[in-house]
Every structure is written in structure tokens, then in C-alpha cells.
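Read through the structure below, which is laid out as C-alpha cells, and then see the notes.
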Amino acid sequence: GAVVSQHPSWVICKSGTSVKIECRSLDFQATTMFWYRQFPKQSLMLMATSNEGSKATYEQGVEKDKFLINHASLTLSTLTVTSAHPEDSSFYICSARDLSLAKQPQHFGDGTRLSIL
Amino acid sequence: SQQGEEDPQALSIQEGENATMNCSYKTSINNLQWYRQNSGRGLVHLILIRSNEREKHSGRLRVTLDTSKKSSSLLITASRAADTASYFCATVITGANNLFFGTGTRLTVIP
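Below is the structure:
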């Protein structure tokens, strides 16, 4: 079945560092990718939706200059947390979907745990 | 917020028992999906039920949908210790493509 690969799975870095997270669809073309954020023992909150070749659509309250999303190809989307601070520490999860396959669900990556010191 | 509500928040049962989780949502939906998440991992899709369907089965899973009450339930029969995880319902609202997740139920199955 379809697989979404997310990398890295775990990042620890100093405050002020920018961190890039990659999300790849391995065996299908992901016309749309979604980025979620999850705090401990809480649900997933949608941050933004990215469509290949166009600007991402951010949810209310999500700073687009803070969380840069690039979806340059049909198999790769990246999320860059710029100048990360401790409050950005969270679990970030991407998902991908081929909208041409209307009956297919979203496929999720295994997530990236980001810890900012 | 369009996030759904799930109850119970946490559920602890003995192996072999059935587990029932409930989900309520707020708006008109295209479909409702259930996902499973092991601790610190991504989500695994379990089952999708469309707005014109009332019940769906997949192995030990049974999902119901009542659009008049804007609610759904997930039943796991003959639970196993390996079923221990968090379970989330997620809705695709009419006219949108993204998922809105419920608050989740943490299921613990005691061997």
C-alpha cells in the first residue's frame, strides 16, 4: 500500500535554530500534503495544507513566516520551523493524499518529535 | 473549532472484552474516518464510513454513523493487548479535503 516517509523522526536542537522536516510519498503522487501538530496527549491540529506547485494554505493562528512549507514536487513537501524556540517543541506529523483517487484516505508519516532546548 | 469530541477520554479493559468509543462532530460531513496511533508514532487508517452509510465492518472493528445525531461509534470486539493505543475519529466536512480530528480515546487493554 501507499507509504509516507517522514524525516527526521527526532530532532533536538538549540533555541534559534531552524529545523527542516521532510515528508515524502513513496509510491504515489501526493497532490496534496497536510501538516499537523500534536502536543502530548492531545489531538492533531491541522497547521497547513500544501498543494504541489502553489502556496500553502495556513490555518488560523499558524504563522506562515514561522512555519515555511514548500511542496515543490508531487512526492516531497517540507516544513521548516524557523528560529525555533522551546514553545515550538511538539510532535509534527505530515500526511499525503492523491486527490485524483477520491476514495483513498490520507496516509500519515510516522511523525517528527522536535525538542528545542 | 470543527474538532470533534470523543468519549471516553480514556478506557481500560481486560483482554477479550469489547471496547466502544464514541465520537460527536459539529458540521455536515462527507465521510468520517477512524485512526489508530501508537504512542509517539504516526496514524494508521482503520476504517472510513461515508455519510450515506450507517454501519461498516472490518475484521474485529465495527463502525456506526448517525448523521442525524452527528455521532459515530467504534467497537473493537475481543480486544487484545496489542490494541492498546489512542484512537481518533476524523471528519471530512462537506466541500473540504482536509481532516478534522476528534480529541481521541486512549485505550488500554490489560493482558
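Heads up: the protein sequence lines correspond to chains A and B, in order. Going by the numbering used here, the first sequence opens with residue 1, and the numbers climb by one from there. Going by the numbering used here, the second sequence opens with residue 1001, and the numbers climb by one from there. Here a beta-carbon is modelled for each residue, glycine too, at the ideal position from N, C-alpha and C.
query	result
Residues sharing a beta bridge with B:Asp-1066, DSSP	B:Ser-1071
Segment contact flag, the stretch 1021–1041 of chain B with the stretch 1064–1072 of chain B, C-beta cutoff 8 Å, min 3 pairs	yes
Those residues which DSSP pairs with A:Met-47 across a bridge	DSSP, once it has assigned bridges, lists no residue as partnering A:Met-47.
B:Thr-1084 at chain A interface by Cβ criterion, 9 Å	no
Run of the beta strand (DSSP E) containing B:Gln-1014, from where it starts to where it stops	1010–1014
Any C-beta of chain A under 9 Å from that of B:Gly-1095	no
Rounded Cβ spacing between A:Val-4 and A:Phe-91 (contact assumed at less than 8 Å)	In fact, because the Cβ distance is near 15 Å, the residues do not count as touching under 8 Å.
Environment of A:Phe-39 [buried if 16+ CB atoms lie within 10 Å]	exposed
Interface flag, A:Gly-109 vs chain E, CB-CB below 9 Å	Structure shown: chain E not included; protein chains present are A and B.
Alpha carbon of B:Ala-1113 to alpha carbon of B:Ala-1019, nearest angstrom	There is simply no residue 1113 of chain B to check, as chain B begins at 1001 and stops at 1111 in what is shown.
is_contact[A:Arg-97, chain B] using C-beta, thresh 9 Å	yes
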